[in-house]
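Read the structure below first, then the notes.
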Amino acid sequence: MVSSAPPERGGSAAALSSISGDLGVALGSAALGSVGSAVYRSQVQVPEGLPEEAARATGDSLESTMVAAGRLSPELGDQALAAARDAYTSGLNIVAVVCALVAATTAVIAMTALRGVGSPKAGPAQDAPQDVRPPVAP
Numbered sequence: 032m033v034s035s036a037p038p039e040r041g042g043s044a045a046a047l048s049s050i051s052g053d054l055g056v057a058l059g060s061a062a063l064g065s066v067g068s069a070v071y072r073s074q075v076q077v078p079e080g081l082p083e084e085a086a087r088a089t090g091d092s093l094e095s096t097m098v099a100a101g102r103l104s105p106e107l108g109d110q111a112l113a114a115a116r117d118a119y120t121s122g123l124n125i126v127a128v129v130c131a132l133v134a135a136t137t138a139v140i141a142m143t144a145l146r147g148v149g150s151p152k153a154g155p156a157q158d159a160p161q162d163v164r165p166p167v168a169p
């Protein structure tokens, strides 16, 4: 993108290219984080016997479960942490699958869209002899 811009617009093109990349990273992180969080909340199984505040924390996030588990008895804290870790791992697994699908889809689209681009075409360069040597002086 930058190399196709006129020289007087090179700085603007570089800035636009940089901002586009940063925006893509931010939006991708937000989207994948939302997917992971949604999976966590749908998969977490709050153990029986937890106080209401700890149960709410366990259903919210792994971090809040870790804080709440520190205030519980060791047995209840371990149960809450195990449930939260299992749900968090499920979320990470789903996010990894989504990333793999996006990467594979992008590769297929790129291969389809770029089919034939940059491939050599028959022309004067290919018609020239392959072994060209300079003439030998007598």
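One rule links them: number in the numbering used here = place in the sequence shown (from 1) + 31. The beta carbon of each residue, even a glycine, is placed where N, CA and C say it ideally should be.
Original post:
Below 8 Å, can you find three or more Cβ-Cβ pairs linking the segment 56 to 73 to the segment 119 to 127?
Top reply: yes
Original post:
What's the C-alpha gap between A99 and V126?
Top reply: 26 Å
Subject >> First through last residue of the alpha helix (DSSP H) which encompasses A202 >> reply: Since the displayed the chain opens at 32 and closes at 169, residue 202 lies outside it and no answer follows.
**OP:** Compare the C-alpha of A114 against each of A61, T96 and N124 and name the closest.
**Re:** T96
Subject >> Environment of L54 [buried if 16+ CB atoms lie within 10 Å] >> reply: exposed
**OP:** Write down the C-beta distance between A46 and A36 rounded to the nearest angstrom, noting that I regard them as a contact closer than 8 Å.
**Re:** Between A36 and A46 the Cβ distance is about 11 Å, and since that is not below 8 Å, they are no contact.
Original post:
Apart from the five residues on each side of it in sequence, which residues of its chain come closer than 6 Å, Cβ to Cβ, to L63?
Top reply: V126
Original post:
If you count every other CB in all the chains shown that lies within 10 Å of the CB of Q110, and 16 or more means buried, which is it?
Top reply: buried
Original post:
DSSP state of P78, grouped into three classes?
Top reply: coil
Original post:
Of the choices R102, L103 and V77, whose alpha-carbon is the least far from that of D91?
Top reply: V77
Original post:
How is P37 classed by DSSP in three states: helix, strand or coil?
Top reply: coil
Subject >> Anticipated Cβ contact below 8 Å, G80 with L107, distance rounded >> reply: 6 Å
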